[in-house]
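Asks:
Residue numbers (my numbering): -11 to 657.
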């Protein structure tokens, strides 16, 4: 961090955490220190209005409702602060009390906050449990006394500085906690890249006074994405008003985020607790900017009923009308949710979301994932996708991608999608010290270059930027059939196979014995025409007085047949060739091409007897072949690497052998 004041504060708070050593695990430090930071900030904010609030509370009539009470007491605090405390204590007064009473006095202090803050400390931070552990360990006074030495009054530490302090502490505690690192913390350089890409072309929209922008993160974690978006917008236009909204499922992360809103002067009620996918706390709202880093590969099985019901009952009037991804990964549910919150006005909305590779290509034509991609691309919302370097995140080293979407594309981008491959070493540098799985970072100059490439919207940098028509990612999956060709023989070897056929197994033993005996009486010549063999089989069974149903006959023909390319084609009752299910294949025909032309060029010259099943059609347009969409980065940015020459490899092996031999001699000596 560049700000020396924030660096100093962070180091001081970090030194307080050292008091916890021995009584708490390192991964638990944040559960104590972060609530104390929030508590101290609120204490400093409310100190000047303490007596006014107590007087106002004393003057309230009996039986006053909670809404009126809050309105009066918030007014007594003054400003935009939406919190009050009705305890007689402050940190200063607590310090002057008997140390032996500190635990009881702190409980009184914490439990007398307004409900919006009390909920954070009691239900999300479980702060009273931490206070008890500190008290039982005999270190409560030591920790509390050190916090009284920090002045976190807004006149001393601004809201922006407080946000930096909070973010720095969250990052440091995340680094030492293998259990939570990365779960609620997205690396700052990744967030900055997403934000810079989102606002790169919005200069005109963000210039001037009276500009209001609402920012939303449906999986906001501790609020880092929201905070950095506000910072970037205010750097661009200091007079802009930024309203932050979010929702978070994890209780502790929610508590941290809501606390950050409190200590930085935002409305904490705009951060909601709960499952965004099943309980949308901001359902009527629409937002200018939306960004998120939803969980990767996390299943939604345990709450699938509500999502499936919304999909089935509301369709496109709900959030998930385009389709449902497989239950093992909910990333595309979050993206659909965000799309449902795009503004339908002149400004429109922009979305920046980072996901792994699964949403790009998982699922074939007709699958939930493919239908969601189809919906987004055919509605022309996808503006660009950026492939990031691996090893950027604290809890995973996998490849990730930033998707940029908008419902107000500039004319030059309409119908187009830009792919940017920013995964090469040009765009990252190794960290001096790895932090969990994070071994790389995107330096500022690389971030600027990615934004430049995006803004240029050209293929001048063809190795890293390519522009496609949205339909280039679409295809028709046509079903290609091959004729069924079988030979038949009533040999002992094949008759034995009948014992594996389900329909045959269900017969009584005497029926099975009679059928097998009749079959062994048939000539064992190899027959390459199914109709001729079927006729002989029917005559044989009739002569033996055996009557069988269609399932048993099918089982007999199956057991006595083998595929034979030299056999005659099996036909149905209308003389039409039957398809061999085991030889069935699918061809992916680009949407820009006629499937008949494609077959004539790519299939028929090599497999002359193949044909397309024209009954295999797309449900939406009735045309042959189901429509699918996928975005395969490797296909578009593949770089051929020539294999090394054998002589070079051989020379390297000989050198290694010589080195090993030398080492063995040293050991023997």
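For glycine and all other residues, C-beta sits at the position ideal for the given N, C-alpha and C.
From a predicted model like this one, the values you see are computed outputs, not experimental measurements.
Given residue 239, which residues of its chain have a CB within under 8 Å of its CB, disregarding the five upstream and five downstream residues?
Replies: Counting from 1 along the chain shown, the entry for residue 239 is found at position 251. Closer than 8 Å at the Cβ level, and outside the excluded window around residue 239, lie 111, 112 and 261.
Asks: Per DSSP, residue 465 is paired with what?
Replies: If you number the chain shown from 1, residue 465 lands on position 477. Bridge partners of residue 465: 576 and 614.
Asks: Residue 344 and residue 369 look like a contact to me (Cβ under 8 Å); what is the Cβ gap, rounded to whole Å?
Replies: Locating residue 344 in the chain shown gives position 356, where the first residue counts as 1. Locating residue 369 in the chain shown gives position 381, where the first residue counts as 1. Wrong, their Cβ atoms sit about 20 Å apart, outside the cutoff.
Asks: Pull up the DSSP beta-bridge partners for residue 471, would you.
Replies: The residue given as residue 471 occupies position 483 in the chain shown. According to DSSP, which records beta bridges pairwise, residue 471 is partnered with 567.
Asks: Would you list, in sequence order, the uninterrupted alpha helix (DSSP H) runs of no fewer than 4 residues that lie entirely inside the region 423 to 462?
Replies: 432 to 444
Asks: Based on DSSP bridge pairs, tell me the residues matched to residue 409.
Replies: Stepping through the chain shown from its first residue, residue 409 is reached at position 421. Residue 409 pairs with 375.
Asks: So who's on the other strand from residue 389, going by DSSP bridges?
Replies: As a working mapping, residue 389 is identified with position 401 in the chain shown. 343 and 375.
Asks: Compute the Euclidean distance between the alpha carbons of residue 480 and residue 532, then round it to the nearest angstrom.
Replies: For this step, residue 480 is matched to residue 492 along the chain shown. For this step, residue 532 is matched to residue 544 along the chain shown. Those two C-alpha atoms are separated by around 18 Å.
Asks: Using C-beta distances below 8 Å, list every residue in its chain close to residue 611, excluding the 5 sequence neighbours before and after it, in chain order.
Replies: As a working note, residue 611 is residue 623 in the chain shown. Only 464 and 605 meet the Cβ criterion.
Asks: For my contact list, residue 276 and residue 159 are in at a C-beta cut-off of 8 Å; report their separation, rounded to the angstrom.
Replies: The count along the chain shown starts at 1 and reaches residue 276 at position 288. The count along the chain shown starts at 1 and reaches residue 159 at position 171. Between the beta-carbon of residue 276 and that of residue 159 there is about 27 Å, and that puts the pair past the 8 Å contact cut.
Asks: Measure the C-alpha to C-alpha separation of residue 322 and residue 282 and round it to an integer number of angstroms.
Replies: The sequence position of residue 322 within the chain shown is 334, counting from 1. The sequence position of residue 282 within the chain shown is 294, counting from 1. When rounded, the distance between both Cα atoms is 7 Å.
Asks: For residue 493 versus residue 342, is the C-beta spacing smaller than 8 Å?
Replies: Here residue 493 refers to the residue found at position 505 of the chain shown. Here residue 342 refers to the residue found at position 354 of the chain shown. No, they are not a contact pair.
Asks: Starting from residue 500 and walking both ways along the alpha helix (DSSP H), at which residues does that stretch end?
Replies: Taking the first residue of the chain shown as 1, we reach residue 500 at position 512. Residue 500 -> alpha helix (DSSP H) spans 497 to 508.
Asks: Measuring only the C-alpha atoms, how far is residue 237 from residue 453?
Replies: To locate residue 237, count along the chain shown from 1; it is residue 249. To locate residue 453, count along the chain shown from 1; it is residue 465. Straight across, the Cα-Cα distance linking residue 237 with residue 453 is about 37 Å.
Asks: Residue 230 lies in the beta strand (DSSP E); which residues open and close that run?
Replies: Translated into positions along the chain shown, residue 230 becomes position 242. Residues 229 to 236.
Asks: Measure from the alpha carbon of residue 75 to the alpha carbon of each residue in 66, 55, 592 and 43, then state which is nearest.
Replies: Start at 1 with the first residue of the chain shown, and residue 75 comes out as number 87. Ranking the options by Cα distance to residue 75, first place goes to 43.
Asks: Give me the residue from 525, 235, 55 and 64 with the minimum Cα distance to residue 34.
Replies: For this step, residue 34 is matched to residue 46 along the chain shown. Closest option to residue 34, Cα to Cα, is 64.
Asks: Along the chain, where does the beta strand (DSSP E) containing residue 549 start, and where does it finish?
Replies: Stepping through the chain shown from its first residue, residue 549 is reached at position 561. Residue 549 -> beta strand (DSSP E) spans 549 to 551.
Asks: Return yes when the Cβ of residue 550 is within less than 8 Å of the Cβ of residue 559, no when it is not.
Replies: Here residue 559 refers to the residue found at position 571 of the chain shown. Here residue 550 refers to the residue found at position 562 of the chain shown. No; because the gap between Cβ atoms is not below 8 Å, this pair is not in contact.
Asks: Under 8 Å, with one C-beta from each stretch per pair, do the region 240 to 254 and the region 264 to 274 reach the 3-pair mark?
Replies: no
Asks: By Cβ distance, which residues of its chain are closer than 7 Å to residue 397, with the 5 residues on each side in sequence left out?
Replies: The residue labelled residue 397 in the question sits at position 409 within the chain shown. 368 and 371.
Asks: Between which two residues does the beta strand (DSSP E) containing residue 277 stretch?
Replies: Position 289 of the chain shown, counted from the start, is the residue given in the question as residue 277. DSSP places residue 277 inside the beta strand (DSSP E), whose first and last residues are 277 to 280.
Asks: Looking at C-beta atoms only, is the number of pairs between the region 288 to 295 and the region 307 to 325 that lie closer than 8 Å three or more?
Replies: Yes, they touch.
Asks: For residue 179 and residue 632, what's the separation of their Cα atoms in angstroms?
Replies: Translated into positions along the chain shown, residue 179 becomes position 191. Translated into positions along the chain shown, residue 632 becomes position 644. Approximately 40 Å between the Cα atoms of the pair.
Asks: Go ahead and pull the three-state DSSP assignment for residue 202.
Replies: Position 214 of the chain shown, counted from the start, is the residue given in the question as residue 202. Three-state result, residue 202: strand.
Asks: With which residues is residue 338 paired in a DSSP beta bridge?
Replies: Within the chain shown, the letter at position 350 stands for residue 338. DSSP lists 277 and 394 as partners of residue 338.
Asks: Quick test of your reading: residue 458 and residue 374, contact by CB under 8 Å. State the CB separation rounded to the nearest angstrom.
Replies: Along the chain shown, one-based indexing puts residue 458 at 470. Along the chain shown, one-based indexing puts residue 374 at 386. Not really, about 17 Å apart at Cβ, beyond 8 Å.
Asks: Looking at C-alpha atoms only, which residue of 226, 144, 220 and 215 is the closest neighbour of residue 232?
Replies: Counting from one through the chain shown, the residue named residue 232 turns up at place 244. For the residues 226, 144, 220 and 215, the minimum Cα distance to residue 232 belongs to 215.
Asks: How should residue 46 be labelled, buried or exposed, when 16 other C-beta atoms within 10 angstroms of its C-beta is the threshold for buried?
Replies: If you number the chain shown from 1, residue 46 lands on position 58. Residue 46 is exposed by the Cβ-count criterion.
Asks: Tell me whether residue 406, by its Cβ, gets closer than 7 Å to a heavy atom of the ligand FAD.
Replies: This structure lacks the ligand FAD; in fact it carries no ligand of any kind.
Asks: Considering only their Cβ atoms, is the gap separating residue 20 from residue 1 smaller than 8 Å?
Replies: The residue you call residue 1 lines up with position 13 of the chain shown. The residue you call residue 20 lines up with position 32 of the chain shown. Not closer than 8 Å, so no.
Asks: Taking DSSP's pairing of strands, which residues face residue 418 in a bridge?
Replies: Translated into positions along the chain shown, residue 418 becomes position 430. 428, per the DSSP bridge assignment.
Asks: Kindly indicate which three-state DSSP category residue 83 falls into: helix, strand or coil?
Replies: Position 95 of the chain shown, counted from the start, is the residue given in the question as residue 83. Helix, per DSSP.
Asks: Round the Cβ separation of residue 203 and residue 230 to the nearest angstrom and send it over; I've been treating them as touching at under 8 Å.
Replies: Taking the first residue of the chain shown as position 1, residue 203 is located at position 215. Taking the first residue of the chain shown as position 1, residue 230 is located at position 242. Residue 203 to residue 230, Cβ: 6 Å. Contact.
Asks: What alpha helix (DSSP H) runs, 4 residues minimum, are completely inside the region 251 to 303?
Replies: 292 to 302
Asks: I'd like the span of the alpha helix (DSSP H) that includes residue 658, first residue to last.
Replies: Past the edges of the chain, shown from -11 to 657, lies residue 658, and the structure says nothing about it.
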